[in-house]
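**Q** Please find one structure pasted underneath; my questions will follow.
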Amino acid sequence: MQRRTSRREFLRAAGGAAAGLGLGSIVAVTPARATPAEMQEAIRRVVGAAPINPGRVKLDLPPLIENGNAVPLTVDVASPMTGADHVRAIHVFTQKNPQPNVVSFHLGPRAGRARVATRVRLADSQTVVAICELSDGSFWSDRADVVVTLAACLEDGI
Amino acid sequence: MASALINVPPRARRGEIIEIKTLISHTMETGFRRTQLGALIPRDIIRRFVCTYNGTEVFRAELHPAISANPFIVFSTVAVESGTVEFHWTGDNGFAVTQSAPILVE
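These protein sequence lines are chains A and B, in that order. If you read the first sequence in my numbering, its first letter stands for residue 1, the second for the next number, and so on. If you read the second sequence in my numbering, its first letter stands for residue 1001, the second for the next number, and so on.
Structural data, given as structure tokens:
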């Protein structure tokens, strides 16, 4: 009798805890949509006080990612890539990886085309931001929201 | 010793934009993972990738732990003259690999 009661209590407590967790995660997700301060800080370290305009950049990521360990990422910038008007750099940032910086590419008129691709790790469903710096000193950006089912960085090593 | 795979078209027309693909074997250990005993695995990544075309730098990338293992980088350059395209990867623990590919521009 005593054992049964304890099990029932345990289940009830477990159910309560699960509900609490579910509620907690909903609450936790909401503020995460606002850009976390760390990523903003990392962006400001690169950009300085210059304004960041939306457009000209196209960040291509699959919207649903099964494995966050190797996510194909392509950044394409609409630029003639001439000596007078070219892309100087492309930076990629994430919100919820352990570090906000992902990669920085430095190009010039010799690139011919402002298009780069690589594979990245994503630790969670989040927003990825690409920022490009043009030769006239202006900054342009694009963002992509992704859903990651298997996160990178979380599995144990050796 | 790490091995690198590079894909540069062997011949191109002058002024043509060529796409270059590079892949190098490297674990890119993030420095955020732990062993089963809880000890932090130290970071071991490639920090920098540089591509030079006949000695002139045409492309450079700074990599962070968020780049996948075996970094794969695709970029493009203009085929200006015949010569050599060189690739340099450098990183933690004295990691340094250089590879080159010839290109014939007609």
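No residue lacks a Cβ here, since even glycine has one placed at the ideal position from N, Cα and C.
By the three-class DSSP mapping on this structure, what secondary structure does Arg33(A) have?
**A** In the first sequence, the residue the question calls residue 33(A) occupies position 33. Only weak support exists for where Arg33(A) lies, its pLDDT of 36 falling under 50; the value from the coordinates is given anyway. Coil.
**Q** For Ala32(A) and chain B, any beta-carbon pair shorter than 7 Å?
**A** Residue 32(A) sits at position 32 when you count from the first residue of the first sequence. Residue placement at Ala32(A) is poorly supported in this model, since its pLDDT is 34, which falls under 50; the coordinates are not used for a value here.
**Q** Run through chain B and tell me which residues come within less than 9 Å of Ser104(A), C-beta to C-beta.
**A** Working through the first sequence from its first residue, we reach residue 104(A) at position 104. Per Cβ cutoff of 9 Å: Arg1060, Ala1061, Glu1062, Leu1063 and His1064.
**Q** Cβ of Ser1003(B) less than 7 Å from any chain A Cβ?
**A** Taking the first residue of the second sequence as 1, we reach residue 1003(B) at position 3. Not one chain A Cβ lies under 7 Å of Ser1003(B).
**Q** What residue does the beta strand (DSSP E) around Ala84(A) start on, and which one ends it?
**A** Along the first sequence, one-based indexing puts residue 84(A) at 84. Careful: Ala84(A) lies outside any beta strand (DSSP E) and carries neither H nor E.
**Q** Are the beta-carbon atoms belonging to Asn69(A) and Ala1066(B) less than 7 Å from one another?
**A** The sequence position of residue 69(A) within the first sequence is 69, counting from 1. The sequence position of residue 1066(B) within the second sequence is 66, counting from 1. Result no, Cβ atoms of Asn69(A) and Ala1066(B) do not sit closer than 7 Å.
**Q** In angstroms with no decimal places, state the Cα-to-Cα distance between Leu1104(B) and Gly1083(B).
**A** Within the second sequence, numbered from 1, the residue matching residue 1104(B) stands at position 104. Within the second sequence, numbered from 1, the residue matching residue 1083(B) stands at position 83. About 7 Å.
**Q** Going by DSSP, what residue range makes up the beta strand (DSSP E) through Pro72(A)?
**A** Reading the first sequence from its first residue, position 72 is the one you call residue 72(A). From DSSP, the beta strand (DSSP E) with Pro72(A) extends over Val71 to Val77.
**Q** In angstroms with no decimal places, state the Cα-to-Cα distance between Val1080(B) and Val1050(B).
**A** Translated into the one-based positions of the second sequence, residue 1080(B) becomes position 80. Translated into the one-based positions of the second sequence, residue 1050(B) becomes position 50. Cα to Cα, the separation comes out at about 18 Å.
**Q** I'd like to know if Ser1076(B) contacts chain A, where contact means its C-beta is closer than 7 Å to some C-beta of that chain.
**A** Here residue 1076(B) refers to the residue found at position 76 of the second sequence. Yes, Ser1076(B) lies at the interface with chain A (some Cβ there is under 7 Å from its Cβ).
**Q** Which one of Ala111(A), Asp85(A), Thr118(A) and Arg143(A) has the shortest CA to CA distance from Met39(A)?
**A** Locating residue 39(A) in the first sequence gives position 39, counting from the first residue. Minimum Cα distance to Met39(A) is reached at Arg143(A).
**Q** Nearest to Asp60(A) by alpha carbon, out of Arg115(A), Ser79(A), Thr82(A) and Ser135(A)?
**A** The residue labelled residue 60(A) in the question sits at position 60 within the first sequence. Among Arg115(A), Ser79(A), Thr82(A) and Ser135(A), the Cα nearest to that of Asp60(A) belongs to Arg115(A).
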